[in-house]
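Worksheet: the structure to be examined is printed underneath.
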Amino acid sequence: MNQQINIRLPSNLMNAAKDYAKLYGYKNVQDLTMEAIREKVFENAEIDFTVSDEEIELIEALVSMSIKQGKLHSKKDIMAKLTE
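Residue 109 is where the sequence shown starts when you use this note's numbering, and the numbers rise one by one after that.
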C-alpha cells in the first residue's frame with residue numbers, strides 16, 4: 109500500500125523542480141521527488157537488488173499464469189500491479 113506525505117518547499121525550489129520535471133520528462137514534481145528519494149536511498153545501499161535467473165523465471169511464470177487466468181491483460185495492467 110502506498111503512503112502519502114506532504115512537504116513544504118520554498119517557492120524558488122518548487123519553481124525549479126517544476127521546470128526540471130518538465131525539461132526532463134517527469135509527469136510532475138511528485139514523480140521527480142520519488143525518483144530523487146529512490147536515488148538517495150538506494151545508491152549506497154548495502155542491499156543486493158540484483159535478480160537471479162531463477163527469480164526471473166518465477167516472475168515470468170507468475171505473469172504468464174496471471175494472464176491465462178484473466179487477472180492481467182496488458183503490460184499496463186502488470187505495471188499497475190507492480191507499482192501498487
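Glycine included, C-beta positions come from ideal geometry on N, C-alpha and C.
Just to confirm my understanding: we take residue i, look at its own chain, exclude 5 residues before and 5 after, and list those with CB closer than 8 Å. What are they?
{"i": "Lys126", "result": "Val137"}
{"i": "Glu151", "result": "none"}
{"i": "Tyr128", "result": "Tyr134 and Leu140"}
{"i": "Ile164", "result": "none"}
Is it buried or exposed for residue i, if we count other Cβ within 10 angstroms and need 16 for buried?
{"i": "Leu180", "result": "buried"}
Using only the alpha-carbon positions, how far apart do residue i and residue j sit?
{"i": "Asp156", "j": "Glu143", "result": "19 Å"}
{"i": "Ile145", "j": "Ala124", "result": "17 Å"}
{"i": "Val159", "j": "Asn120", "result": "40 Å"}
{"i": "Gln112", "j": "Glu147", "result": "19 Å"}
- Message: Give the list of continuous alpha helix (DSSP H) stretches no shorter than 4 residues that lie fully inside the stretch 120 to 171.
- Response: 137 to 150
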